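In full-length UniProt numbering, the protein residues as written are 1 to 414.
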């Protein structure tokens, strides 16, 4: 089999890139070891967040670091055995967590984020799945006045400066909109332009379905089998060898398994996270998803139940799951919304692909121009998937790029 472009990775980024390419008449194959949307893209919080321009910071004060080291922060966990491998990344991540560097990252992220909702709507409408989009916005709930004031002074000032509409609400005002959310917090910030995706895995499946509708291929295969084949590339699939002139690497946390053969070294790591679904407790129906800023977890209504997603776990990508954050945060979540019995036999685990500046790599690989990279979207993978796919298609076809790709160039870490 031969195609023009093979896209490796059928998460939200790869599926979107393949869909855009196929819709432009490019003979495209989307290859993954699993069905579309069954890995990292399956289990996120289901939020398209245009306001999320300020990256999450690595703790810089000793008190917070000490709490993290002692396992006292519900939003963070780590494996001690993984720290020697992770220290180079963590050091660079900490360096990038100054306010000045986070502002620089926000400048890079904003062009993508400002187009994120429209990009989702375009692909999901084409796929007949626009009903998955719910323009509810989302809340940031603050339990303590101190954390609220700190957020106002920096993050909110930056996010609002880009034009994202918001409203500061009291607990009573939140209860007027979502009575199920108990008034056990200090203040809320309602970001109005966020859109909830009620079934992220279903959304990815729908987008990937555009590929065969436009004469492309959906194939199961092992991305690690990628190798050069003359002037192009070859990858092994369950349907036989596949060759292509161009390869797009959109493998999320597995991307560097492939890119290392081209000599690319990136300061790359994964932030693992977990989710669990719960039956809604009595009077627990709510429409607006929210993040508990002190707990670092997210609650979102999903078809299966209420999805609780956790914060960050620093561990080796393939280490056995340790979902202690589910148990740490469940009591906190239950204070805000009554949760019933768990609906999953065990917590789901995902892996967020991250770079120290929290900005993805999107662009041609220097020295191997037929390789296009698209990964490292950290906590914004769902949000940025379709707009990244559009930019990838622009790069591959030589079209005028939807945004300037310079801030995302892979060689910026050289």
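Cβ coordinates follow ideal geometry from the N, Cα and C atoms, glycine included. Computed from a predicted model, the values in this text were never measured in an experiment.
On the DSSP bridge list, what partners appear for residue i?
i           : result
residue 276 : 308
residue 302 : 305
residue 271 : 314, 352
residue 77  : 313
residue 133 : 197
residue 32  : 220
residue 419 : Since the displayed the chain opens at 1 and closes at 414, residue 419 lies outside it and no answer follows.
residue 237 : 221, 240
Among the options, whose alpha-carbon lies nearest the alpha-carbon of residue i?
i           : options            : result
residue 418 : 400, 389, 355      : An answer regarding residue 418 cannot be provided, because it is not within the stretch 1 to 414 covered by the chain.
residue 363 : 340, 254, 398      : 398
residue 403 : 238, 155, 412, 387 : 387
residue 251 : 5, 2, 14           : 14
residue 369 : 56, 241, 185, 410  : 410
residue 367 : 83, 414, 315       : 414
residue 312 : 361, 242, 269      : 269
residue 75  : 81, 82, 67         : 67
residue 278 : 264, 327, 201      : 327
residue 262 : 373, 150, 2        : 373
residue 174 : 139, 153, 152      : 139
residue 12  : 353, 408, 395      : 353
residue 253 : 219, 360, 135, 88  : 360
residue 229 : 219, 109, 273, 243 : 243
Taking DSSP as the reference, what is the three-state secondary structure of residue i?
i           : result
residue 148 : helix
residue 356 : coil
residue 219 : strand
residue 327 : helix
residue 39  : coil
residue 72  : coil
residue 342 : strand
residue 138 : strand
residue 231 : coil
residue 226 : coil
residue 55  : coil
residue 15  : helix
residue 114 : coil
residue 423 : Here the chain covers residues 1 to 414 and nothing more, so residue 423 does not appear.
residue 319 : coil
residue 245 : strand
residue 363 : strand
residue 394 : helix
residue 107 : helix
Looking only at its own chain, which residues have a Cβ that is under 6 Å from the Cβ of residue i, when we skip the five neighbours before and after it?
i           : result
residue 10  : 30, 32, 36, 208
residue 206 : 127, 129
residue 58  : 93, 94, 97
residue 22  : 28, 211, 214, 216
residue 358 : 55, 105, 378
residue 51  : 159, 164, 191
residue 18  : 7, 28, 30, 211
residue 44  : 200, 382
Once you ignore the five residues that flank residue i on each side, which residues in its own chain have a CB closer than 7 Å to its CB?
i           : result
residue 48  : 116, 117, 120, 194, 195, 197, 382, 383
residue 186 : 142, 143, 144, 145, 148
residue 224 : 257, 258
residue 343 : 277, 278, 279, 304, 305
residue 282 : 338
Check whether chain C comes within 7 Å of residue i, counting only Cβ atoms and requiring the distance to be less than that.
i          : result
residue 62 : The structure shown contains no chain C; it holds only a single protein chain.
If I measure Cβ to Cβ from residue i and keep anything under 8 Å in the same chain, skipping five residues before and after, which residues do I get?
i           : result
residue 333 : 292, 295, 297, 299, 308, 339
residue 172 : 183
*What runs of the alpha helix (DSSP H), each 4 residues or longer, lie entirely inside the stretch 152 to 203?*
157 to 161, 171 to 177
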